[in-house]
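Number of protein chains: 2
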Amino acid sequence: MSSDPQEGFRALSDPTRRAILIHLSRHDMSIGDVVAEFDVTRGAIKKHLLILEQGDMISVRTQGRERINHLELHGMKAVRDWFAYFDQFWDERLGALKQAIENKKDNH
Amino acid sequence: MSSDPQEGFRALSDPTRRAILIHLSRHDMSIGDVVAEFDVTRGAIKKHLLILEQGDMISVRTQGRERINHLELHGMKAVRDWFAYFDQFWDERLGALKQAIENKKDNH
DNA sequence: TTGACATAGTACCTTTTGGTATCATATAAA
DNA sequence: TTTATATGATACCAAAAGGTACTATGTCAA
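Residue numbers (this note's numbering), protein chains in the order written: chain C, -10 to 97; chain Z, -10 to 97.
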């Protein structure tokens, strides 16, 4: 049912890629926009974006001569599904989640 | 507050290491026990276990001439904490979590 | 104490990874 | 239509990753 999380885990294994995801969570960015945030070359960023795309963490649309990168949660779902198995060993977390949901309720 | 998840993400990026964690979730295992489950040499398994230990995914205790590996969730917590940031973009998950907690309640 | 067993440690090999530099192509703007 | 800009595509490089083989050490058992 849940797809292979390998590409997703691979995508998340690099700190630069994780940082890119945080940036993209705030707003879509062109490749140039992303490059401006880091101290590596465009080529390196391009490779990171490709790996994020392969892990279904982002989607890309062409806009004129720009390529706009957009956060996509499908790949992250595959990774989280893998994690879900371990929930049974981790009661501590249930308390925090319960609270998170209570808070969510209060906002409605 | 939450520690650097890098070693944790690194530990989870390999499919053999993830499979080892699943095995260890069922029962503690010596290195030899783990080796028996996979088709790679002891040396390779030893390296995987070291990386899992560095990511705080497992702890190891010496028992006679054996080294017993035990699932440890601290490292996984660091990784999950990183994920928590993205919960806000993922309403779909909240429904499933709510249900998980309801089920938990029913078991008490 | 001696032999078998479980693991540690090292050297070595191949592939992948993260990175750079360079050149080519497509598009927007003067 | 030039020219500057945004990206694509290659080739190349050093280091890390995943693996093997071999040797050394510590511990249990006969």
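Even for Gly, the Cβ is constructed at its ideal location relative to N, Cα and C.
In its chain, beyond the 5 residues on either side, VAL23, VAL24 have a beta carbon closer than 6 Å to the beta carbon of ILE34(C). The three-state reading of DSSP puts LEU60(Z) in strand, counting E and B together.
In this structure GLY(-3)(Z) is in contact with ASP45(Z), their Cβ atoms being roughly 7 Å apart against a cut-off of 8 Å. MET18(C) and ALA0(Z) have their C-alpha atoms some 30 Å from each other. For the stretch 46 to 78 of chain Z, the residues whose beta carbon sits under 9 Å from a beta carbon of chain C are, in order, LEU60, LEU62, MET65, LYS66, VAL68, ARG69, TRP71, PHE72, ALA73, TYR74, PHE75, ASP76, GLN77, PHE78. The Cβ atoms of ARG50(Z) and ILE57(Z) lie closer than 8 Å to each other.
The beta-carbon of LEU38(Z) is placed no less than 8 Å from the nearest beta-carbon of chain C. In the DSSP assignment, VAL49(Z) falls within the unbroken beta strand (DSSP E) covering 47 to 52. Using a CB distance cut-off of 8 Å, ARG15(C) does not count as an interface residue toward chain Z. About 5 Å separates the Cβ atoms of ILE47(Z) and GLU61(Z), confirming a contact at the 8 Å cut-off.
The bridge partners DSSP lists for GLU55(Z) are GLN52(Z). Here DSSP, grouped into helix, strand and coil, assigns SER14(C) to helix.
Around the beta carbon of SER2(Z), 16 or more other beta carbons lie within 10 angstroms, which makes this residue buried.
One alpha carbon belongs to SER(-8)(C), the other to ASP76(Z), and they sit about 20 Å apart.
Ranking ILE20(C), GLN43(C), ARG54(C) by CA distance to the CA of GLY32(C) puts ILE20(C) first.
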